[in-house]
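K.L.:
Here it is, the structure, as structure tokens.
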Amino acid sequence: MQEYLGILLLIVMAGGLGALILTLTSIIGPKRTNPAKELPFETGNLPTPGGTLQRFPVHFYLVAILFVVFDVEIAFLYPWAVIFKKLGVFGLIEMLVFVAILALGLVFVIKRGVLEWK
Amino acid sequence: MFFNLSDLFAIAPEICLLVLAAVVLKTELFFTRKPTALQGITMAGLLVTMGVTVMTASEFPTGAFNGMIAADGFTLFLKVVLLGVALLTTLMSREYFDDAAFRHGEYYALLLLTTIGMMTLAAATDLVTLFLGVETMSVGLYVLAGLRHDRPRSSEASLKYLLLGAFASGFLLYGMALLYGSTGGKTNFAEIAAAISRFGDETPKVLLAGVGLILIGLLFKVAAFPFHFWSPDVYQGSPTPVTAFMSAGPKAAAIAATIRLMGWALPDLAAVWGPLLWVVAALTMTVGNIIAISQKDIKRMLAYSSISHAGYLLLAVLAAGDQSIRDLAASGMLFYLAAYYLMNLGAFAVAILVNRARDNGDYHLDDYQGMAAQKPMYALAMTVFMISLAGIPPTAGFFGKLFVFSAAIKAGYVWLVAIAVLNSVVSAFYYLRIVVLMYMKPQTSPAGSMRSPATAVLIGFCAVAIVVLGLIPGGIRNLANSGGSSVAIPPPTVAEVSTK
Amino acid sequence: MELTLFALVALAAVASALMVVIGKNPVYSVLFLVTTFFCLAILYVMLGAPFVAALQVIVYAGAIMVLFLFVVMLLNLRHPQKWDAGGSTRRWIGFATAAGVLLVSLAAVKGAFDPNAPLQPEMGNAESIGMALFTRFLLPFEIGSILLLAAIIGVVTLLKRDNSKVATKGGEA
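Residue numbers (the working numbering), protein chains in the order written: chain A, 2 to 119; chain B, 382 to 881; chain C, 421 to 593.
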């Protein structure tokens, strides 16, 4: 457990620094406000009418689920990379088969136009 | 050594199917979207795979891939049956999905990947492969159930199946975790059995809870009472070829996995799960049959009928708890599954044709009125399927029941078999009602064309096969026997072999 | 020290899990679920399984939660349908079932595992998991890719439909 102490320290320091800066600005900083300034900032455009609770097109979901699939692939790649040398050529073939099967899916996704945004 | 090249023989069918799925998918993407071409490729590929399966059949005394999967007669028989299910489903699919926007290649690819999942499940001798098989099969089925974008019922079926199926998978996984934890980190069936027998009479409660949860997960997949509620809705809403596929393939794979898990991993706990399964089996067949009587929709009726058949099949699982009967029970089950998929797929194919002729979207039983006068051959085939489903000789369904019931009697489940026989009598009522409708009632509405060559071929094949199996069951019976005897005794574990 | 940390993290996990169920705003529920996952990750670290903890954060707290958020966003939140639990009877049945499951699992787990069992530091790191995965479990590993492939094809088939009759000509690629 000892080796995680540093991480804990980092979390505490990072969080503390953020909190500190925010508190300081709200105390020290000058407050000059007008209605335009209070609007949510959306890259210079007028804010989305009706708030942020908009329905998203289903296309986002499609991309998100594909992201999950390839994220899981990464999760398999990581332990493989750690012991890559120990596994040798056999491990390479194993991973090639795995990636090739998923590449089938990737080609399918690209060719089917899932990643094109109309 | 953790890998031998010869292990690849054990998964040759799966490799073939994967390549085939890739070919179908890429053909559609890069070459042609012609449904006939895609169907042709799929069917040819499936036939080749069947050939490869039979030719590469080799006995692996300790299973393949470090005891992850079995390569024995039992698995071989199931793989051929599952390939048959996929082949017949493919045959009836092209004419059903006549929407021009429908992507046949993706459909066949999903069907093939689902079949890989079912094969893995049927061959699994390790909790990890068991779970992966269940999931690969289920993911495909969730999507297949929702393919009819134009029908809300189809989406409903898909969503219902997904939500309940995910829940069942959760139970399965939780149970496996408890089993893994309480046996000291074992996942291989035979190793689990060894670990459990070391406990003697003091079986930890966690282990029992784990077994219970695993049973819930598996019983959901075979649609046994009280985990059957999803099946009528899903069967009704899914595209009919998918329903046919679903009622035959996954059920066969899941029941095979159950028989192997119970027989190989948990034989010492038969006193615990035996009575439980006894009650489940009795209720499954009774509830399925009684509700089936009141159904007005043929897909729902066949859904309830398939629930009751799951109950009969659980008899084989129960009988297999007794090691001296296990070969008989397993071979009876194999024969039953071979007969069941023929009659069920055939019945669904007739349902597709009748529905096409009516073209009103539903599958009402009244559509069968007076069918014999207009379409005598189809009516005759449907009669064969119904008689076989009811278990009346001379059909394959009769021998399937006979073999399973006689194994169960040998194992001492006389009362349960009595319940099963009574149930068969009840089921004859609603199966034969369709025959009565076809032959004895006048036609009510004019029937449209039922021309559909591929589906007609399928119906003919199934009907003839059922009658042939019913008249001379010997050949398949022998194959089933050798398959059954191969699961009688679990193979030595990898650890045992390496210490020798 | 370790016990205090465990108690804190476990409490936080349970509390945020409760908030997931109780909360009325689904977006908050999802965010509380992230908290639960993080707490679980810390518990995995304490059990000596850093790799599992990392996966918990990357796959669950990262990817899966994004998916959950998208599902929430796909729903029409501005006109939330009144949550229908089917009356109080059904709610009580649900509650009783959950309580029953809890009691049974508590009874089953009680005394089953030795709380003083030594940590096995080799169990949960990337190296030992990789060693098992790529040797003994190599077949399940490859089947995993087939499962993922089925998921890819499935989701595209379900969600990416051809627009009505554009594709009738066939082979638009």
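Backbone N, C-alpha and C define an ideal beta-carbon position, used for all residues, glycine too.
1. Assuming residue 510 of chain B and residue 557 of chain B are in contact, meaning their beta carbons sit under 8 Å apart, how far apart are those beta carbons, in whole angstroms?
2. Let's test the definition: count the other Cβ atoms within 10 Å of the Cβ of residue 459 of chain B and tell me whether it reaches 16, buried, or not, exposed.
3. Distance, Cα to Cα, residue 676 of chain B vs residue 782 of chain B?
4. Counting pairs of Cβ atoms below 8 Å between the region 571 to 588 of chain B and the region 537 to 546 of chain B, do you hit three or more?
5. Taking any Cβ of chain C, which residues in the region 485 to 499 of chain B have a Cβ under 9 Å from it, in chain order?
6. Residues of chain B with CB under 9 Å from residue 573 of chain C, in chain order?
7. Which residues in chain B have a C-beta closer than 8 Å to the C-beta of residue 113 of chain A? List them in chain order.
8. Is it the case that the region 430 to 447 of chain B contacts the region 798 to 806 of chain B, given that we only count it when at least three CB pairs across the two stretches are under 8 Å?
9. Any beta-carbon of chain B closer than 7 Å to the one on residue 566 of chain C?
10. So residue 851 of chain B and residue 712 of chain B are in contact, right, with Cβ under 8 Å, and what is the actual spacing, rounded?
11. Does DSSP put residue 583 of chain B in a helix, a strand or coil?
12. Note the first and the last residue of the continuous alpha helix (DSSP H) segment covering residue 671 of chain B.
13. Helix or strand or just coil, what does DSSP make of residue 440 of chain B?
14. Using a threshold of 7 Å, state whether the C-beta atoms of residue 394 of chain B and residue 430 of chain B are closer than that.
15. Let me confirm a value: residue 586 of chain C is counted as buried when at least 16 other C-beta atoms fall within 10 Å, else exposed. Which label applies?
16. Look up residue 710 of chain B in the DSSP assignment and say whether it is helix, strand or coil.
17. Throw me the rounded Cβ distance for the residue 762 of chain B and residue 857 of chain B pair, which I believe falls under 8 Å.
18. When DSSP labels each residue in this structure, what does residue 72 of chain A get in the three-state scheme?
19. Among all the DSSP beta bridges, which residues are the ones paired with residue 450 of chain B?
20. Is residue 105 of chain A close to chain B, meaning its C-beta is less than 7 Å from at least one C-beta of that chain?
21. What are the residues of the region 576 to 591 of chain B that lie near chain C, defined by any Cβ-Cβ distance shorter than 9 Å?
22. Rounded to the nearest angstrom, how far is the Cβ of residue 693 of chain B from that of residue 666 of chain B, given a contact under 8 Å?
23. Pick out whichever of B:683, B:614, B:697 and B:631 has its Cα sitting closest to the Cα of residue 658 of chain B.
24. Quick check: the Cα distance between residue 589 of chain C and residue 387 of chain B, rounded to an integer number of angstroms?
25. Quick check on DSSP: helix, strand or coil for residue 748 of chain B?
26. When you compare the CB of residue 516 of chain B with every CB in chain C, is at least one pair closer than 7 Å?
27. Taking only beta-carbon positions, decide if residue 12 of chain A is within less than 7 Å of chain C.
28. Helix, strand or coil, according to DSSP, for residue 388 of chain B in the structure here?
29. Run through chain B and tell me which residues come within less than 8 Å of residue 488 of chain C, C-beta to C-beta.
30. For residue 574 of chain B, which residues from the same chain have a beta carbon less than 8 Å from its beta carbon, with the 5 sequence-adjacent residues on both sides left out?
31. I'd like the list of long-range same chain contacts for residue 881 of chain B, defined as Cβ closer than 7 Å, with 5 residues on each side in sequence excluded.
32. Taking CB distances under 7 Å as the criterion, tell me whether residue 576 of chain C reaches chain A.
33. Compile a chain-ordered list of the residues in the region 544 to 569 of chain C whose CB is closer than 8 Å to at least one CB of chain B.
34. Hey, is residue 836 of chain B close to the ligand NAP, as in C-beta under 6 Å from one of its heavy atoms?
35. Consider the Cβ of residue 58 of chain A: report whether some Cβ of chain B lies at a distance smaller than 7 Å.
36. Check for me: the alpha helix (DSSP H) holding residue 782 of chain B runs from which residue to which?
P.N.:
If we stick to the structure as given:
1. Stepping through the second sequence from its first residue, residue 510 of chain B is reached at position 129. Stepping through the second sequence from its first residue, residue 557 of chain B is reached at position 176. About 11 Å; that fails the 8 Å criterion.
2. For the purposes of this step, residue 459 of chain B is taken as the residue at position 78 of the second sequence. Its Cβ being crowded by 16 or more others within 10 Å, residue 459 of chain B is buried.
3. For this step, residue 676 of chain B is matched to residue 295 along the second sequence. For this step, residue 782 of chain B is matched to residue 401 along the second sequence. Near 24 Å, if we compare the C-alpha coordinates of residue 782 of chain B and residue 676 of chain B.
4. no
5. 487, 488, 490, 491, 494, 495, 497 and 498
6. Position 153 of the third sequence holds residue 573 of chain C. Near residue 573 of chain C (Cβ distances below 9 Å), the residues of chain B are 402, 406, 487, 490, 491, 494, 521 and 524.
7. For the purposes of this step, residue 113 of chain A is identified with residue 112 of the first sequence, where counting begins at 1. Near residue 113 of chain A (Cβ distances below 8 Å), the residues of chain B are 410.
8. no
9. Translated into positions along the third sequence, residue 566 of chain C becomes position 146. Residue 566 of chain C counts as touching chain B.
10. As a working mapping, residue 851 of chain B is identified with position 470 in the second sequence. As a working mapping, residue 712 of chain B is identified with position 331 in the second sequence. With 8 Å as the limit, residue 851 of chain B and residue 712 of chain B do not qualify as a contact, their Cβ atoms being about 17 Å apart.
11. For the purposes of this step, residue 583 of chain B is taken as the residue at position 202 of the second sequence. In the displayed model, residue 583 of chain B falls within coil according to three-state DSSP, outside both helix and strand.
12. One-based indexing of the second sequence puts residue 671 of chain B at position 290. From DSSP, the alpha helix (DSSP H) with residue 671 of chain B extends over 651 to 674.
13. Indexing the second sequence from 1 puts residue 440 of chain B at position 59. Three-state DSSP puts residue 440 of chain B in coil, outside helix and strand.
14. Within the second sequence, residue 394 of chain B is the residue found at index 13, counting from 1. Within the second sequence, residue 430 of chain B is the residue found at index 49, counting from 1. Yes, they are a contact pair.
15. Mapped onto the third sequence, residue 586 of chain C falls at position 166. Residue placement at residue 586 of chain C cannot be trusted, given a pLDDT of 39 that sits under 50; what the coordinates show is reported in the next sentence. Exposed, because fewer than 16 other Cβ atoms sit within 10 Å of the Cβ of residue 586 of chain C.
16. Start at 1 with the first residue of the second sequence, and residue 710 of chain B comes out as number 329. Helix, per DSSP.
17. Here residue 762 of chain B corresponds to residue number 381 of the second sequence, with the count starting at 1. Here residue 857 of chain B corresponds to residue number 476 of the second sequence, with the count starting at 1. Their Cβ separation, rounded to whole angstroms, is 20 Å, which puts residue 762 of chain B and residue 857 of chain B out of contact at 8 Å.
18. Within the first sequence, residue 72 of chain A is the residue found at index 71, counting from 1. Residue state, collapsed to three classes: helix.
19. Taking the first residue of the second sequence as 1, we reach residue 450 of chain B at position 69. DSSP output for residue 450 of chain B lists B:445 and B:505 as bridge partner(s).
20. On the first sequence, position 104 is the one that residue 105 of chain A refers to. Cβ-Cβ to chain B under 7 Å: yes for residue 105 of chain A.
21. Taking 9 Å as the cut-off between beta carbons, the residues of the region 576 to 591 of chain B near chain C are 585, 586, 587, 588, 589, 590 and 591, in sequence order.
22. Position 312 of the second sequence, counted from the first residue, corresponds to residue 693 of chain B. Position 285 of the second sequence, counted from the first residue, corresponds to residue 666 of chain B. That belief holds up - the Cβ atoms of residue 693 of chain B and residue 666 of chain B are roughly 6 Å apart, short of 8 Å.
23. Taking the second sequence and counting its residues from 1, one reaches residue 658 of chain B at position 277. Out of B:683, B:614, B:697 and B:631, B:697 has the C-alpha closest to the C-alpha of residue 658 of chain B.
24. Residue mapping note: residue 589 of chain C aligns to position 169 of the third sequence, counting from 1. Residue mapping note: residue 387 of chain B aligns to position 6 of the second sequence, counting from 1. Model confidence at residue 589 of chain C stands at a pLDDT of 35, short of 50, so the residue's coordinates are unreliable and nothing is read from them.
25. The residue labelled residue 748 of chain B in the question sits at position 367 within the second sequence. In this structure, residue 748 of chain B counts as helix in the three-state DSSP scheme.
26. The residue you call residue 516 of chain B lines up with position 135 of the second sequence. At a cut-off of 7 Å, the C-beta of residue 516 of chain B has a neighbouring C-beta in chain C.
27. Against the first sequence, residue 12 of chain A aligns to sequence position 11. Answer no: the Cβ-Cβ gap between residue 12 of chain A and chain C never drops below 7 Å.
28. Within the second sequence, numbered from 1, the residue matching residue 388 of chain B stands at position 7. Residue 388 of chain B: helix per DSSP, three-state reduction.
29. In the third sequence, counting from the first residue as 1, residue 488 of chain C sits at position 68. Those within 8 Å of residue 488 of chain C in chain B number zero; the least Cβ separation is about 13 Å.
30. Working through the second sequence from its first residue, we reach residue 574 of chain B at position 193. Contacts found: 645, 646, 647, 648, 649 and 871.
31. As a first step, residue 881 of chain B must be located in the second sequence, where it is residue number 500. Only weak support is given to the placement of residue 881 of chain B: the predicted model assigns it a pLDDT of 47, under 50, and the value that follows is read from those uncertain coordinates. Taken in chain order, the list of residues that qualify is empty.
32. Looking up residue 576 of chain C in the third sequence gives position 156. Taking Cβ atoms only, chain A reaches closer than 7 Å to residue 576 of chain C, which makes this a yes.
33. 555, 556, 557, 558, 559, 560, 563, 564, 566, 567 and 569
34. Looking for the ligand NAP in the displayed structure turns up nothing, as the structure carries no ligands at all.
35. If you number the first sequence from 1, residue 58 of chain A lands on position 57. No, no contact with chain B.
36. To locate residue 782 of chain B, count along the second sequence from 1; it is residue 401. First-last of the alpha helix (DSSP H) with residue 782 of chain B: 777 to 791.
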